[in-house]
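First comes the structure, then the notes that go with it.
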Amino acid sequence: GTVDDRITIGYEPGTNIRGMIATASIPANTLLIHTPASLILSSGDDDSCHMVEEIIHELKMGFQSKWQTHFDFDDSAATRLPTLWDRANGPGRAKVELQGLPPTGETHSHIDWYLGSCKEGRAMTHWDWKALMIYVTRSAGLGIIPMYVLLNHHNGRINTKLVVDEEGGLSVIALTDISAKEPIYLTYARAGSESTIDTFNTYGFVEDYPQLWRWDDEKLIKLSQENEDHAYHRYGSDNHVALEPNSHQYEVLVISPTLAALLPTKEVTQILGNAQRSLEEWQQLSVAHHANLRASHANALHDSAMALLNKLPTTIEEDEVLIPDERRRLEMMKEGGRAYVSK
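Numbering (our numbering), first residue to last: 8 to 350.
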């Protein structure tokens, strides 16, 4: 494999977030990383259970595995995935604090899938846990790809694109000019297919802007059952190609603290994970999008969001006071060795 000598492993400026950083200016279309098929850990088929089994096999090989150095560098065991939240004696504090908000009901979907589909009721071993966390947080479509997995996610500042070669290898290519000290970003959620909630549930972090928030309620579920094309009526046009809804659920694409697109179309979301837009470009697109959005559907989204918020035990203003206090408490408990944030 090859890695451009102008990128290195480091920390994003002003944070403790590890990733790949440019050490010098890099022009667009530069080959940053190439991983040949021989260095990609794969099960050879599309079976996810087989992929986890392959990871377990290589982990047990220790230094005899050519992926051992990669495994030693892996920190997925320290992840804050919701699937690791304690539920031994009920839902656990972290799940309770979701207050019914998404991803409530889906927090342990990864472990439930593995237990049901792969373990078939058998207890998980230490190897199962470690391999599953690597698979969930590090696996790409081709498998486990060394170096590539060190690239962080950012749908607003993505500056790379991926190319699979005929031999099954993967190339990471600069999508834009990259400045010195700039992080190298890819995407974990392309073109609006996954929401910010999905990203949090799979990777354990809330992504930076833009954020795509998605939910539904009983009324919308019933409407979807009665009319599968109902979402197309959100827009004041019969052009279903140009105005195709990104999903049939309620969605808000939050671009910045002061700018959002309600019930976005695929045209609005398709750039996520594929390219960058300036704030001015987002503003122009948002204005044009809302000009086609029917007021009745915008009002329905508002009513659903307010109904959801009104069910919560605390208000947004109360949360703004409670959350900093809770963070300080957890940090103090961590320092004293008496708390585990993942639980």
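For each residue, glycine too, the CB sits at the ideal point set by N, CA and C.
Please read all numbers here as calculations on a predicted model, not as lab measurements.
Cross-strand partners of residue i (DSSP beta bridge)
{"i": "Met-27", "result": "Ile-16"}
{"i": "Val-171", "result": "Leu-177"}
{"i": "Leu-193", "result": "His-160"}
{"i": "Leu-182", "result": "Leu-182 is not bridged to any residue."}
{"i": "Tyr-242", "result": "Leu-300"}
{"i": "Ile-33", "result": "Ile-185"}
{"i": "Val-10", "result": "Ile-40"}
Nearest neighbour of residue i, chosen from the options [CA to CA]
{"i": "Asp-53", "options": "Ala-147, Tyr-18, Arg-164 and Ala-101", "result": "Ala-147"}
{"i": "Leu-39", "options": "Thr-76, Tyr-155, Glu-251 and Ile-330", "result": "Tyr-155"}
{"i": "Arg-284", "options": "Ser-244, Thr-183, Tyr-242 and Pro-264", "result": "Thr-183"}
{"i": "Asn-351", "options": "Leu-108, Ile-165, Leu-169 and Ala-31", "result": "Any answer about residue 351 is impossible in this case: the structure gives the chain only from 8 up to 350."}
{"i": "Ile-191", "options": "Gly-26, Met-140, Phe-78 and Ile-152", "result": "Gly-26"}
{"i": "Thr-114", "options": "Leu-48, Arg-94 and Ser-124", "result": "Arg-94"}
{"i": "Arg-164", "options": "Asp-215, Ile-118 and Leu-157", "result": "Asp-215"}
{"i": "Thr-111", "options": "Leu-329, Arg-221 and Asp-332", "result": "Arg-221"}
{"i": "Gly-123", "options": "Arg-145, His-64, Ser-55 and Pro-89", "result": "Ser-55"}
{"i": "Pro-320", "options": "Leu-337, Asp-12, Glu-104 and Val-171", "result": "Glu-104"}
{"i": "Leu-193", "options": "Ser-72, Gly-280, Glu-19 and Asn-23", "result": "Gly-280"}
Beta-carbon separation (whole angstroms), residue i vs residue j, contact threshold 8 angstroms
{"i": "Ala-267", "j": "Val-261", "result": "5 angstroms"}
{"i": "Leu-91", "j": "Trp-134", "result": "Between Trp-134 and Leu-91 the Cβ distance is about 16 angstroms, and since that is not below 8 angstroms, they are no contact."}
{"i": "Ile-14", "j": "Ala-35", "result": "So it is not a contact: roughly 14 angstroms between Cβ atoms."}
{"i": "Gly-8", "j": "His-41", "result": "6 angstroms"}
{"i": "Leu-219", "j": "Ser-202", "result": "5 angstroms"}
{"i": "Asn-299", "j": "Leu-250", "result": "6 angstroms"}
{"i": "Thr-206", "j": "Ala-196", "result": "5 angstroms"}
{"i": "Ile-47", "j": "Ile-185", "result": "Between Ile-185 and Ile-47 the Cβ distance is about 24 angstroms, and since that is not below 8 angstroms, they are no contact."}
{"i": "Leu-308", "j": "Leu-270", "result": "6 angstroms"}
N- and C-terminal bounds of the beta strand (DSSP E) containing residue i
{"i": "Tyr-257", "result": "257-263"}
{"i": "Ala-302", "result": "Per DSSP, Ala-302 belongs to no beta strand (DSSP E); it is in the alpha helix (DSSP H), 302-317."}
{"i": "Ala-268", "result": "266-269"}
{"i": "Leu-219", "result": "218-222"}
Delimiting residues of the alpha helix (DSSP H) encompassing residue i
{"i": "Gln-232", "result": "225-233"}
{"i": "Ile-204", "result": "203-210"}
{"i": "Leu-286", "result": "286-299"}
{"i": "Ile-40", "result": "Note, Ile-40: premise wrong, no alpha helix (DSSP H); beta strand (DSSP E) at 38-42."}
{"i": "Leu-66", "result": "55-68"}
{"i": "Arg-145", "result": "133-145"}
{"i": "Val-275", "result": "273-276"}
{"i": "Thr-76", "result": "75-80"}
{"i": "Ile-152", "result": "Here Ile-152 belongs to no alpha helix (DSSP H), and DSSP marks it neither H nor E."}
{"i": "Ser-254", "result": "Segment: none, Ser-254 is in no alpha helix (DSSP H) and carries neither H nor E."}
For residue j and residue i, the rounded distance between their alpha carbons
{"i": "Ile-62", "j": "Gly-176", "result": "19 angstroms"}
{"i": "Val-59", "j": "Glu-174", "result": "23 angstroms"}
{"i": "Ser-349", "j": "His-240", "result": "At Ser-349 the pLDDT is 38, less than 50, meaning the model places this residue with poor confidence and gives no usable figure here."}
{"i": "Tyr-242", "j": "Glu-258", "result": "14 angstroms"}
{"i": "Ser-49", "j": "His-255", "result": "34 angstroms"}
{"i": "Met-7", "j": "Asn-162", "result": "Absent from the structure is residue 7, since the part of the chain shown begins at 8 and ends at 350."}
{"i": "Gly-344", "j": "Ile-180", "result": "With a pLDDT of only 47 at Gly-344, under the threshold of 50, the placement of this residue in the model should not be trusted; the figure read from the coordinates follows. About 43 angstroms."}
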